[in-house]
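Report on the structure given below.
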Amino acid sequence: MLSTVAERMYWLARYLERVENTARLVGVYHKLLLDLPNGVDITWYNLIILNSAESTFNERYKNRDERNVLKFMLFDEQSGSTLSAAKMLRENVRTSRDVLASEVWECVNELYLYIRDNTQQGLLRRPRYEFIDGIIKSCQQLNGLLSDTTNHDDGWQFIKLGKNLERADMTTRILDAGVSLLLPSSDDIGVNLHQVVWGHVLRSLSADLSYRRTVRTRIGGAEVISFLLEDEFFPRTLRYCHNRIVESVYKLPRQKAVLAQLEAMGPFEFNAASDDEIDQRFRDHINELQIQFAGLHQCFYDNWFAIGQA
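For the sequence shown, the numbering used here assigns the number -4 to the initial residue and increments by one for each residue that follows.
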């Protein structure tokens, strides 16, 4: 397979996952802020901080209010928004139409136009949930189409690499979002803030049912973190994504350097006996995992995509 085709397969999967994951992150914040009591100092601007986009946002917007944050996250074509990711997804599919089914191209077009033409639905509170849900369902439909209509050859393995790498990165960001909401909170709020936040973290990843079946206990920060980092069977945990990346790499040529980097990754687990032990140390741990996954992307590029490039 040509390195340019392999790279497009990889990036279309990453952009597809990014569209869905950004929508999920906005959706969980939308629900969470409605459930929190007065007096909790949490704002929409936390989303900008979590995505390390403060400088870009502040260059483009004067006010850090809900509307501007949502414009930046959902519709700003000069940021990593759902619309800009959908546009890049569309371009990668357009230039790969000789290896993808026509239904994939049609579905990608529909997704891009849906996001582009429904700005007000995303900005207004009442229709926002339906808009976000529409994005997520379209992305899931696309994943199904890709799986059922694409040859499961080397190109498919690059699609899996992109999907699982992007998915692992977003899981770390959503975990970081949960901790960032809890660290500055007061102990006398009067509600079980920890349970509310960790419940939304699970739901943002559609992991609440799997968590209940696997952990079989109440929702607690230490248990949620352990599940989302280490569970081997739920498709959005770091351990699961890492294992699927390893499986794909084994099926590709010139695998030695990438496998060595994969084996050096970790540890994923974070030992916390209670919610009180989930502190800045955990955020540092998550940051280190994000750096490792970013390094894995660079390893992919050097090993497979840079071939033949000046």
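All C-beta atoms in this analysis are idealised placements derived from N, C-alpha and C, irrespective of residue type, glycine included.
All of these numbers come straight from a predicted model, not from anything done at the bench.
Fewer than three beta-carbon pairs drawn from the stretch 119 to 130 and the stretch 185 to 196 are found closer than 8 Å, and the two stretches are therefore not classed as touching. In summary, Glu54 is exposed, with fewer than 16 beta-carbon neighbours lying within 10 Å of its beta-carbon over all protein chains present. In the three-state DSSP reduction, Ser97 falls in the helix class (H, G or I). Using a C-beta cut-off of 8 Å, the stretch 138 to 149 makes no contact with the stretch 250 to 262, since fewer than three inter-stretch Cβ pairs fall below that distance. Following the DSSP letters along the chain, one finds Lys251 inside the alpha helix (DSSP H) bounded by residues Lys251 to Ala259. Short of 8 Å from the beta carbon of Cys102, and not among the five residues preceding or following it, lie these beta carbons of its own chain, in chain order: Ser133, Gln136, Leu137 and Leu140.
With 16 or more other Cβ atoms from the protein chains shown falling within 10 Å of its own Cβ, Thr17 counts as buried. Excluding the 5 residues flanking it on each side, Glu218 has same chain C-beta neighbours closer than 7 Å at Val210 and Thr212, in chain order. The distance from the Cβ of Asn87 to that of Trp6 is about 5 Å, consistent with a contact at the 8 Å cut-off. The residue among Arg162, Ala268, Val174 and Phe295 with its C-alpha nearest the C-alpha of Asp279 is Val174. Per DSSP, Phe300 lies in no alpha helix (DSSP H) segment and is marked neither H nor E.
Between the alpha carbons of Ala96 and Asp171 lies a distance of about 37 Å. DSSP, read as helix, strand or coil, puts Phe263 in coil.
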